[in-house]
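K.L.:
There's a structure below that I have some questions on.
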Amino acid sequence: MSSSYAPNMIESGRYEAWENTGYFKPNLSLSSAFSIATPPPNVTGSLHMGHGFNNTIMDALIRYHRMMGKSTLLQGGTDHAGIATQMVVERQLALQGISRHDLGREKFLEKVWEWKAQSGGTITEQIRRLGTSVDWSRERFTMDEGLSNAVKEVFVRLYDEGLIYRKKRLVNWDIKLQTAISDLEVENRDEKGFMYHVRYPFVKGQTDANGESLDGQYMHIATTRPETILADGCLAVHPDDTRYTHLLGKMVHVPLTDRTIPVLADPYPDPEFGTGCVKITPAHDFNDYEVGERHDIEIINLMNLDGTMNENAPSNYQGLDRFEARTKIIEDLQTHGFLEKIEPHELKRPYGDRSGVVIEPLLTDQWYVKIDTLAKPAIDAVENGDIKFVPEQYTNMYMAWMRDIKDWCISRQLWWGHRIPAWYDDNGNFYVGRDENEVRRKYHLGDINLRQDEDVLDTWFSSALWTFSTLGWTGTDKDFDNEILQKFHPTDVLVTGFDIIFFWVARMIMMTLHFVKDKDGKSEVPFKTVYVHGLVRDGEGKKMSKSKGNVLDPLDLIDGIDLESLVAKRTTGLMNPKDAVKIEKATRKEFSEGILAYGTDALRFTFASLASTGRDINFDLKRIEGYRNFCNKIWNASRFVLMSVEGKAIASNANPDLWELPEQWIVSRLQKCEQAVQTAFEMYRLDLASQAIYDFIWNEYCDWYVELTKPVLNDGTVSDERKAEIRRVLLATLETALRLVHPIMPFITEEIWQIIAPMLGLAKVGDSIMLASFPVANAQRINDQAESDMVWLQSLIGAVRNIRGEMKLGNAVRLPVLLQGVTDDQKASLLRIESQFKALAKVESLTIVGSDEEVPLSSQALIGSLKVLVPMKGLIDPTAELNRLNKVREKLQAQADAISKKLSNEGFVAKAPAQVVEAEKAKLAELDGQLAEVEKQVGQLQSL
């Protein structure tokens with residue numbers, strides 16, 4: 008092993024070797040199986056911290072179950088990402104002065120496939136850098152032939168069953184991209200806008216319910232979008248709002264038009280908000296659309312697909328952009344006396360996350376999936392426990408959405424994607440089939456002219472089939488002969504963020520239950536468990552974004568940030584300034600090499616340690632620095648163990664008869680760790696698993712057991728047989744610990760295990776740790792007595808070390824130790840721990856004294872009621888130490904007096920910023936604490 012841990016050296020080439028050897032492929036001969044379908048990243052994407060977190064969880068679960076003896080499949084692939092991919096290619100064409108319309112559909116799609124072949128694999132190569140053990144031989148793409156056939160099969164069957172229909176309805180319309188988009192692609196931004204208060208005059212000649220004339224009176228509404236007034240269908244008030252009961256059914260004029268509309272009662276308006284009266288514009292607001300459907304209100308669409316005002320608007324507004332029209336309408340409302348006032352107003356405005364333009368609710372012809380029939384089985388599957396959410400709280404979120412679910416708009420006005428399998432004749436009639444030939448046969452159309460629908464399907468439609476389409480599902484009896492599909496579907500767990508429970512998780516559940524059946528005809532779920540994780544945020548809990556300059560790149564953390572790159576990132580604002588400062592303070596050695604690398608293992612362990620289910624995680628560089636140190640600790644401990652055993656006798660088999668307290672204790676603690684880690688994995692608590700592993704390896708194995716073995720292995724009086732057994736325990740415990748941590752940290756564990764396992768006869772040189780068995784606890788080797796003795800030994804050693812530190816006694820000085828107040832049980836335990844206590848605490852002698860016996864001139868520490876005493880006479884020079892402490896006291900007192908004087912100055916306290924005053928008070932409190940400690944030491948010395 009190299010003298011220092013260098014992650015780039017041990018990770019380089021390791022993944023490629025794993026993949027080429029076929030370790031990631033499932034072993035189909037094994038009876039038990041475990042599978043995960045990875046959420047397909049956009050083919051346009053590049054690695055971000057969310058991918059790092061998600062892949063760490065999935066891969067740790069797969070590696071754990073692989074080591075548990077199961078045939079495992081981590082099914083990977085990418086999504087064609089309709090809008091994102093089309094935008095990428097269109098931008099490239101624009102640089103050449105070409106638009107997609109110049110090329111035409113077929114030529115444009117050829118360009119997209121060319122781009123995919125050249126650049127579409129970036130994200131999958133980056134996922135490899137994370138160590139994710141995907142079976143790349145089965146990699147899928149949502150536009151692959153097999154997946155495309157599955158999409159067509161599902162669409163046609165849903166249509167034939169009456170569950171897909173075409174209708175003119177309201178959608179999120181992206182004016183720039185000229186397509187409908189999903190709610191997930193809409194970004195609602197908080198903005199400062201205006202509320203426009205508008206008068207709607209009553210039609211003359213009306214009286215209210217009390218017989219009073221309404222001439223000259225008006226209804227008062229407030230709107231943030233006055234351009235939509237022109238398409239109002241009615242005014243609405245709440246049925247219980249007594250202010251308007253006498254006006255229900257009366258007619259008002261729509262300002263700036265010649266139209267009149269009624270005042271209606273509906274539950275939608277909030278009587279407490281504004282005037283309690285709202286305008287209803289069914290063609291331009293989603294809530295208004297539902298109100299309009301309930302009351303059969305006229306639907307008037309004011310806008311063209313490009314956001315300009317159409318022929319339904321008064322002629323003086325036609326052709327104007329929607330915002331130009333708004334300006335003119337406000338002016339005209341004011342001119343004609345309809346505008347009462349304008350007030351500043353905080354609002355949420357919808358923007359397209361890709362286009363960056365304001366989204367318009369617009370009435371267009373689209374294809375929809377009728378959801379009610381599909382939703383009921385999806386609700387039942389969660390209620391009866393076929394699918395479980397981890398953590399449980401997301402069950403309620405899922406249920407709430409599923410019980411209020413709306414029909415799903417599945418069409419998009421794009422060229423890149425799965426083209427809708429529907430054909431139109433010259434009269435506008437449409438026919439659905441898997442291809443044109445099938446349509447002609449199915450509908451007996453003969454040779455009439457047909458043209459295929461120009462729209463493509465929502466990307467979420469194809470990804471809703473992901474768990475079964477990637478495994479070769481055809482929807483025919485051939486599926487029962489498909490070994491992969493039968494073995495790995497349903498998948499075991501879906502690992503995903505909470506933000507796509509509605510858009511992806513729920514739709515996968517609905518589609519899979521409807522289309523995938525077992526041999527008995529029973530519907531299958533897509534997965535048995537949904538593991539929901541939070542978002543990765545920065546160290547202060549803020550969402551990472553380029554605009555905030557707090558984005559961290561996982562590959563930078565893995566590979567290191569060279570100085571040139573660091574300067575560039577700081578200049579462009581792509582790194583949190585605090586993190587940049589930390590990196591700049593790295594050691595000169597790291598900077599002289601021009602790189603600061605944490606490695607994949609440290610990054611993965613950081614993610615695992617933060618994976619407390621369901622919560623957002625705050626990623627601080629201090630964490631990954633700490634786990635980089637943990638990797639270094641494992642490396643150095645392994646080097647020590649190898650140096651201690653190489654060329655020396657190692658027991659061929661464990662012989663517990665030769666174990667003393669250290670061996671009994673570390674083996675017992677190992678069993679407890681194995682239990683904790685296995686339980687944590689089964690509970691999807693990687694944070695608990697990583698904490699148990701960290702505590703065992705660092706605090707117990709490295710800091711205690713390794714140290715306990717050193718004096719014994721160097722003791723010439725200890726038998727060779729005993730030393731050989733200690734070496735075996737050292738090696739075997741380390742080897743087991745490596746297997747425990749392998750699912751989380753695959754690279755360093757593989758590197759060390761390949762050296763250690765052959766030494767124990769557990770593997771041949773070159774075998775992989777990922778195919779070794781995961782450690783399972785042996786309850787018979789749990790030794791409560793040894794653990795109890797060790798806790799007391801650690802307490803005694805800690806007490807002596809505290810005394811040594813307080814009295815400034817060097818480690819080379821062997822101390823006489825007295826114990827006072829020892830119980831009979833403790834006396835018995837002392838016989839088992841005395842040799843280890845003396846060796847590690849550097850104790851010259853250990854004496855038990857009576858409870859009433861006075862021990863003069865001693866320093867003491869308490870362990871419960873037990874006193875640990877060290878006589879000081881002869882160990883220190885009281886005079887010299889008092890002189891030193893007096894000088895320290897004078898210096899500290901001078902500093903404290905200066906701050907006290909400053910704080911007693913009323914002028915300083917009044918004028919200085921509050922944080923400055925608080926900082927001075929904190930400094931004074933710290934100095935007072937230091938003075939108290941010095942006084943304590945002086946008192947101890949004066950008693951000698």
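Residue numbers (my numbering): 8 to 951.
Each residue gets a CB set at the ideal place from its N, CA and C atoms; glycine is no exception.
Because the structure is a prediction, the values reported are computed rather than measured.
Taking 8 Å as the cut-off, decide whether the C-beta atoms of Leu464 and Arg419 are in contact.
P.N.:
For the purposes of this step, residue 464 is identified with residue 457 of the sequence shown, where counting begins at 1. For the purposes of this step, residue 419 is identified with residue 412 of the sequence shown, where counting begins at 1. Yes, Cβ-Cβ distance for Leu464 and Arg419 is below 8 Å.
K.L.:
Between Lys395, Leu340, Ile516, which has its C-alpha nearest Ala382's C-alpha?
P.N.:
For the purposes of this step, residue 382 is taken as residue 375 along the sequence shown, with counting starting at 1. Out of Lys395, Leu340, Ile516, Ile516 has the C-alpha closest to the C-alpha of Ala382.
K.L.:
Is the CB-CB distance between Trp473 and Pro47 below 8 Å?
P.N.:
One-based indexing of the sequence shown puts residue 473 at position 466. One-based indexing of the sequence shown puts residue 47 at position 40. Yes.
K.L.:
Nearest to Ile733 by alpha carbon, out of Ile762, Val652, Arg746?
P.N.:
What you label residue 733 is simply residue 726 of the sequence shown in a count that begins at 1. Answer by Cα proximity: Val652.
K.L.:
So Ser836 is in the alpha helix (DSSP H); what residue range does that whole segment cover?
P.N.:
Residue mapping note: residue 836 aligns to position 829 of the sequence shown, counting from 1. It spans 831 to 848 - the alpha helix (DSSP H) in which Ser836 sits, taken as one unbroken run.
K.L.:
Do Ser53 and Gln133 count as a contact pair if the criterion is CB distance below 8 Å?
P.N.:
Locating residue 133 in the sequence shown gives position 126, counting from the first residue. Locating residue 53 in the sequence shown gives position 46, counting from the first residue. Yes, Cβ-Cβ distance for Gln133 and Ser53 is below 8 Å.
K.L.:
Considering only residues of the region 42 to 90, which uninterrupted alpha helix (DSSP H) runs meet the minimum length of 4 residues and lie entirely inside it, listed in chain order?
P.N.:
Listed in chain order, they are 56 to 74.
K.L.:
Once DSSP output is grouped into helix, strand and coil, what is the label at Glu597?
P.N.:
As a position in the sequence shown, residue 597 is number 590, starting the count at 1. Any reading at Glu597 needs caution, since the residue's pLDDT is 48, under 50, leaving its predicted position unreliable; the model's value is listed next. If DSSP states are grouped into helix, strand and coil, Glu597 belongs with the helices.
K.L.:
Please work out which residues of its chain come closer than 6 Å, Cβ to Cβ, to Asn162, disregarding the five sequence neighbours upstream and downstream, and give them in chain order.
P.N.:
Translated into positions along the sequence shown, residue 162 becomes position 155. Note that residue 162 is Phe in the sequence shown here, rather than Asn. The residues are Pro428.
K.L.:
DSSP on Glu350, reduced to helix/strand/coil?
P.N.:
The residue you call residue 350 lines up with position 343 of the sequence shown. The answer is strand: DSSP assigns Glu350 an E or B state.
K.L.:
Would the C-beta of Val523 count as close to the ligand FMN, meaning under 7 Å from any of its heavy atoms?
P.N.:
In the structure on display, the ligand FMN does not appear, and there are no ligands present to speak of.
K.L.:
Just how far apart, CA to CA, sit Gln682 and Ala835?
P.N.:
Residue 682 sits at position 675 when you count from the first residue of the sequence shown. Residue 835 sits at position 828 when you count from the first residue of the sequence shown. So the alpha carbons of these two residues sit roughly 30 Å apart.
K.L.:
Pull the bridge partners of Arg206 from the DSSP assignment, please.
P.N.:
As a working note, residue 206 is residue 199 in the sequence shown. His227, per the DSSP bridge assignment.
K.L.:
When you compare the region 71 to 80 with the region 743 to 759, are there three or more beta-carbon pairs, one atom per stretch, that lie closer than 8 Å?
P.N.:
Yes: the two stretches touch, three or more of their Cβ pairs being nearer than 8 Å.
K.L.:
So what does DSSP say about Gln867, is it helix, strand or coil?
P.N.:
Here the question's residue 867 lines up with position 860 in the sequence shown. In the structure shown, Gln867 sits in a strand (DSSP, three-state: E or B).
K.L.:
Going by alpha carbons, who is nearest to Ala819 out of Val798, Leu899, Ala846, Ile378?
P.N.:
Residue 819 sits at position 812 when you count from the first residue of the sequence shown. Of the candidates Val798, Leu899, Ala846, Ile378, the one whose C-alpha sits nearest the C-alpha of Ala819 is Ala846.
K.L.:
Do Met316 and Ala290 have their beta-carbon atoms positioned less than 8 Å apart in this structure?
P.N.:
The residue labelled residue 290 in the question sits at position 283 within the sequence shown. The residue labelled residue 316 in the question sits at position 309 within the sequence shown. No, the Cβ-Cβ distance between Ala290 and Met316 is not below 8 Å.
K.L.:
Cα-Cα, which of Leu876, Glu198, Trp467 is closest to Pro351?
P.N.:
Numbered from its first residue, the sequence shown carries residue 351 at position 344. Pro351 has its Cα closest to that of Glu198, out of Leu876, Glu198, Trp467.
K.L.:
Cα-Cα, which of Thr264, Ser362, Ile304, Phe280 is closest to His343?
P.N.:
Here residue 343 refers to the residue found at position 336 when the sequence shown is read from its first residue. When only C-alpha atoms are compared, the closest one is Thr264.
K.L.:
Would you call the CB atoms of Gly59 and Leu137 closer than 8 Å?
P.N.:
Taking the first residue of the sequence shown as 1, we reach residue 59 at position 52. Taking the first residue of the sequence shown as 1, we reach residue 137 at position 130. It is a contact, given that the beta carbons lie within the stated cut-off.
K.L.:
How about Leu421 and Ile759: do their beta carbons lie closer than 8 Å?
P.N.:
Looking up residue 421 in the sequence shown gives position 414. Looking up residue 759 in the sequence shown gives position 752. Contact flag unset, no.
K.L.:
Could you pull the start and end residues of the beta strand (DSSP E) that Gly504 belongs to?
P.N.:
Your numbering for residue 504 matches position 497 in the sequence shown. It spans 498 to 504 - the beta strand (DSSP E) in which Gly504 sits, taken as one unbroken run.
K.L.:
Measure the Cβ-Cβ separation of Leu242 and Ile268 and say whether it is below 8 Å.
P.N.:
What you label residue 242 is simply residue 235 of the sequence shown in a count that begins at 1. What you label residue 268 is simply residue 261 of the sequence shown in a count that begins at 1. Yes, these two residues count as a Cβ contact at 8 Å.
K.L.:
Specify the secondary structure class of Gln185 as computed by DSSP and reduced to three states.
P.N.:
Your numbering for residue 185 matches position 178 in the sequence shown. Correct three-state label for Gln185: coil.
K.L.:
Just curious, the beta strand (DSSP E) that Arg734 is in, first and last residue?
P.N.:
Along the sequence shown, one-based indexing puts residue 734 at 727. That residue, Arg734, is in no beta strand (DSSP E); its alpha helix (DSSP H) goes 727 to 748.
K.L.:
Can you give the beta carbon distance from Pro208 to Val259, rounded, assuming they're within the 8 Å contact cut?
P.N.:
For the purposes of this step, residue 208 is taken as residue 201 along the sequence shown, with counting starting at 1. For the purposes of this step, residue 259 is taken as residue 252 along the sequence shown, with counting starting at 1. So it is a contact: roughly 6 Å between Cβ atoms.
K.L.:
DSSP three-state label for Pro669, please.
P.N.:
Locating residue 669 in the sequence shown gives position 662, counting from the first residue. Here Pro669 sits in helix by DSSP.
K.L.:
Taking 8 Å as the cut-off, does the region 516 to 536 touch the region 79 to 87 (at least 3 CB pairs, one atom from each stretch)?
P.N.:
Counting Cβ pairs under 8 Å, fewer than three are found: no touch.
K.L.:
Take the Cβ of Ile366 as the centre, count every other Cβ of all protein chains shown within 10 Å, and call the residue buried at 16 or more, exposed below.
P.N.:
Start at 1 with the first residue of the sequence shown, and residue 366 comes out as number 359. When all chains shown are included, Ile366 counts as buried.
K.L.:
In whole angstroms, what is the alpha-carbon distance linking Ser140 and Tyr275?
P.N.:
As a position in the sequence shown, residue 140 is number 133, starting the count at 1. As a position in the sequence shown, residue 275 is number 268, starting the count at 1. Between Ser140 and Tyr275, the C-alpha separation is close to 52 Å.
K.L.:
Is Arg676 buried or exposed, if buried means 16 or more other CB atoms sit within 10 Å of its CB?
P.N.:
Here the question's residue 676 lines up with position 669 in the sequence shown. Answer is buried; the Cβ neighbour count reaches 16.
K.L.:
Restricting to Cα atoms, I'd like to know which of Ile412, Asp393, Glu399, Gln400 is closest to Asp379.
P.N.:
In the sequence shown, counting from the first residue as 1, residue 379 sits at position 372. Residue Ile412 is the option with its Cα nearest to Asp379.
K.L.:
Do Val674 and Val736 have their beta-carbon atoms positioned less than 8 Å apart in this structure?
P.N.:
Position 729 of the sequence shown, counted from the start, is the residue given in the question as residue 736. Position 667 of the sequence shown, counted from the start, is the residue given in the question as residue 674. Yes, Cβ-Cβ distance for Val736 and Val674 is below 8 Å.
K.L.:
List the DSSP bridge partners of Thr371.
P.N.:
Here residue 371 refers to the residue found at position 364 of the sequence shown. Partner(s): Arg176.
K.L.:
If you count every other CB in all the chains shown that lies within 10 Å of the CB of Glu160, and 16 or more means buried, which is it?
P.N.:
Mapped onto the sequence shown, residue 160 falls at position 153. So Glu160 ends up on the buried side.
K.L.:
With contact counted as at least three CB pairs below 8 Å, one residue from each stretch, are the region 677 to 697 and the region 613 to 621 in contact?
P.N.:
The region 677 to 697, when compared against the region 613 to 621, does touch it at the 8 Å Cβ threshold.
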